[in-house]
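Engineer: Here numbering that gives the first Met the number 0 is used: the first residue of the sequence shown is 0, the next is one more, and so on. For every residue, glycine included, the Cβ atom is placed at its ideal position computed from N, Cα and C.
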Amino acid sequence: MPLIDDISTLEQSALASLQDADLAALEGWYAKFLGKKGSLTEILKGLKDLTPDERKEAGSRAHHAREKLEASYQARRQSLSRAQMDARLASEYWDALRPLQTGHGHQHPITQITEELEDLFTVMGFTVMDGPEVETDANNFGKLNFSDDHPARDMQDTIWLKGESALMRTHTSSVQVRSMQLLKPPFRIVAPGRCFRFEETDASHENTFYQAEGMMIDKDLSVANLIHVMKTFLSSFFERDVNVRLRPGFFPFVEPGFELDIQCLVCGGPGCPVCKHSGWVELLPCGMVHPNVLRAGGLDPNIWNGFAFGLGLSRLVMMRYAIEDIRHFLSGNLRFLEKF
Ligand code: PHE
0 MPLIDDISTL EQSALASLQD ADLAALEGWY AKFLGKKGSL TEILKGLKDL
50 TPDERKEAGS RAHHAREKLE ASYQARRQSL SRAQMDARLA SEYWDALRPL
100 QTGHGHQHPI TQITEELEDL FTVMGFTVMD GPEVETDANN FGKLNFSDDH
150 PARDMQDTIW LKGESALMRT HTSSVQVRSM QLLKPPFRIV APGRCFRFEE
200 TDASHENTFY QAEGMMIDKD LSVANLIHVM KTFLSSFFER DVNVRLRPGF
250 FPFVEPGFEL DIQCLVCGGP GCPVCKHSGW VELLPCGMVH PNVLRAGGLD
300 PNIWNGFAFG LGLSRLVMMR YAIEDIRHFL SGNLRFLEKF
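Now the structure itself:
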């Protein structure tokens, strides 16, 4: 029966072209073969010319063909949609648990050492103090026993603020003055911070650098107390027994004043290039607080006395990590910073 042959042919070619159809072509395929004006509908118009038996047979054949094509259409549609979704998931997914590609930030080596130093002094009963980087002439010099024409002012090349008597503090010793005015004696303070000097920079000089001031005020303190506190701090900091010695040093705010040296940590004494073959390395200035400084801070030198020291923080970090140039610290060079 030709009509049944037509249905079979239609079925074959519909199935074949379904294999080539993508998602966009699917609706067109459906309309072409199974739609109201599609090929199958067209063929079935011939039913009216058949005998009742033939019509029954052809009708049933057409019914099966439609069911088969409908099912194939749905299956093709599903598999194409799934493939499309898989491709999207593969290219667009976001794994919230995947480690970040960018590196994590971390503290600057100076900040790390500052916090370590604060911890070590806090354990010894010291309070951490802070002071402004812009200071008065009085707090930076005058109350520290620098007279107006004192030659020691020339020791520190000061950065002055335009048109004002304010300056960028040249040392953290200004916090000594503030502490005496703020705290009731006896007290122990340590004050890390940034200092500024107007100077030519080289491997060991920077116009911006870090110090930590220390001051202990009590009754009957002696140089022995100063040495003990320094030795305790330095031994914890360098994680080994550190030998120290004092040499005379001059600073207007201490009397007597000293330069404290430590026995070379590299050779242990016999001499090496690091200690320039002397066995000792100059580390920090210190001394007993000058009576004029106590008075300027509102303390009676007949009752109170004390000691003070000035740690070069940048220097300490350089020694700990064998950094050869102080200018690395503020260079912003990530290759340097990432080492810490
Ligand atoms: N402020 C001094 C300086 O910067 C160091 C110092 C501090 C000396 C405390 C003695 C006592 O050079």
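Is DSSP giving W28 helix, strand or coil here?
Structural biologist: helix
Engineer: So, at 8 Å on beta carbons, what are the nonlocal neighbours of L69 in its own chain, with the 5 sequence-adjacent residues on each side left out?
Structural biologist: In the sequence under discussion, the amino acid at residue 69 is Glu, which differs from the Leu named in the question. Hits under 8 Å: L33.
Engineer: With a threshold of 8 Å, establish whether the CB of F186 neighbours any heavy atom of the ligand MN.
Structural biologist: Questions concerning the ligand MN fall outside what the structure shown contains, since the ligands it does hold are the ligand PHE.
Engineer: On a Cα-Cα basis, can you pick out the residue from V265, V222, F252, D240 that is closest to R246?
Structural biologist: V222
Engineer: Report back the beta-carbon spacing between I302 and K218 to the nearest angstrom; my notes put them in contact at under 8 Å.
Structural biologist: That pair is a contact at about 7 Å.
Engineer: Quick one: using the 10 Å Cβ neighbour count with 16 as the cut-off for buried, is G162 buried or exposed?
Structural biologist: exposed
Engineer: With respect to 8 Å, is the separation between the Cβ of P356 and the closest non-hydrogen atom of the ligand PHE below this value?
Structural biologist: For the chain, the structure presents residues 0 to 339; residue 356 sits outside this window and is missing.
Engineer: I need the DSSP call for D5, collapsed to helix, strand or coil.
Structural biologist: helix
Engineer: Quick check for students: name the residue ranges of the beta strand (DSSP E) that lie wholly in the stretch 137 to 219, counting only runs of 3 or more.
Structural biologist: If we require 3 residues or more, the beta strand (DSSP E) runs fully inside the stretch 137 to 219 come out as 165 to 167, 186 to 195, 207 to 217.
Engineer: Would you identify the three-state DSSP class for T135, choosing helix, strand or coil?
Structural biologist: strand
Engineer: What do you reckon, are the CB atoms on C285 and F249 nearer than 9 Å?
Structural biologist: no
Engineer: Checking the sheet assignment: what are the DSSP bridge partners for R246?
Structural biologist: E258
Engineer: Kindly indicate the opening and closing residues of the alpha helix (DSSP H) around L88.
Structural biologist: 51 to 91
Engineer: Is it the case that the stretch 261 to 269 contacts the stretch 228 to 243, given that we only count it when at least three CB pairs across the two stretches are under 8 Å?
Structural biologist: Counting C-beta pairs closer than 8 Å gives three or more between the stretch 228 to 243 and the stretch 261 to 269, which meets the contact rule.
Engineer: Across the stretch 33 to 44 and the stretch 95 to 105, are there enough close Cβ pairs to call them in contact, namely three or more that are closer than 8 Å?
Structural biologist: no
Engineer: Any heavy atom of the ligand PHE closer than 8 Å to the beta-carbon of V253?
Structural biologist: yes
Engineer: Taking 8 Å as the cut-off, is the C-beta of S178 nearer than that to any heavy atom in the ligand PHE?
Structural biologist: no
Engineer: Check whether the Cβ atoms of E254 and M214 lie closer than 9 Å to each other.
Structural biologist: no
Engineer: In terms of residues, what are the limits of the beta strand (DSSP E) holding A307?
Structural biologist: Judged by DSSP secondary structure, A307 falls within the beta strand (DSSP E) whose first and last residues are 304 to 311.
Engineer: Return the first residue and the last residue of the beta strand (DSSP E) that M287 is part of.
Structural biologist: 279 to 288
Engineer: Would a C-beta distance cut-off of 9 Å place R187 and M229 closer than the cut-off?
Structural biologist: Going by C-beta atoms, R187 is not nearer than 9 Å to M229.
Engineer: Considering K275, what are the terminal residues of the alpha helix (DSSP H) in which it resides?
Structural biologist: Element bounds for K275: n/a, residue is neither H nor E.
Engineer: Spatial neighbours of L2 within its chain, please: C-beta separation below 6 Å, excluding the five flanking residues on both sides.
Structural biologist: G45, A57
Engineer: Relative to the ligand PHE, is the shortest distance from any of its heavy atoms to the C-beta of S172 smaller than 8 Å?
Structural biologist: Checking the Cβ of S172 against the ligand PHE gives yes.
Engineer: Using 9 Å as the threshold, is the C-beta distance between P251 and L143 below it?
Structural biologist: yes
Engineer: Got a sec, what are the start and stop residues for the alpha helix (DSSP H) F232 sits in?
Structural biologist: Looking at the DSSP string, the run of the alpha helix (DSSP H) that includes F232 is 222 to 237.
Engineer: Is it the case that the CB of G307 approaches a heavy atom of the ligand PHE more closely than 8 Å?
Structural biologist: The amino acid occupying residue 307 in the given sequence is Ala; Gly does not appear at that position. A307: yes, Cβ under 8 Å from the ligand PHE.
Engineer: How would you call Q18, buried or exposed, if buried means at least 16 neighbouring beta carbons within 10 angstroms?
Structural biologist: Sixteen is the threshold: since fewer than 16 other Cβ atoms of the shown chains lie within 10 Å of the Cβ of Q18, the residue is exposed.
Engineer: Where do the ends of the alpha helix (DSSP H) carrying I348 lie?
Structural biologist: The structure shown does not extend to residue 348, since the chain spans only 0 to 339, so no value can be given for it.
Engineer: Is it right to say F120 is buried, meaning 16 or more other beta carbons lie within 10 angstroms of its own, or is it exposed?
Structural biologist: buried
Engineer: Enumerate in chain order the residues of its own chain whose CB-to-CB distance from S71 is below 7 Å, with the five nearest sequence positions on each side excluded.
Structural biologist: Cβ neighbours of S71 beyond the five flanking positions: L14, L17.
Engineer: For Q83, is the classification buried or exposed, using 16 other Cβ atoms within 10 angstroms of its Cβ as the cut-off for buried?
Structural biologist: exposed
Engineer: In terms of DSSP beta bridges, what is V316 paired with?
Structural biologist: BP columns for V316 are empty, so no partner.
Engineer: Is the beta carbon of T207 within less than 8 Å of some heavy atom of the ligand PHE?
Structural biologist: no
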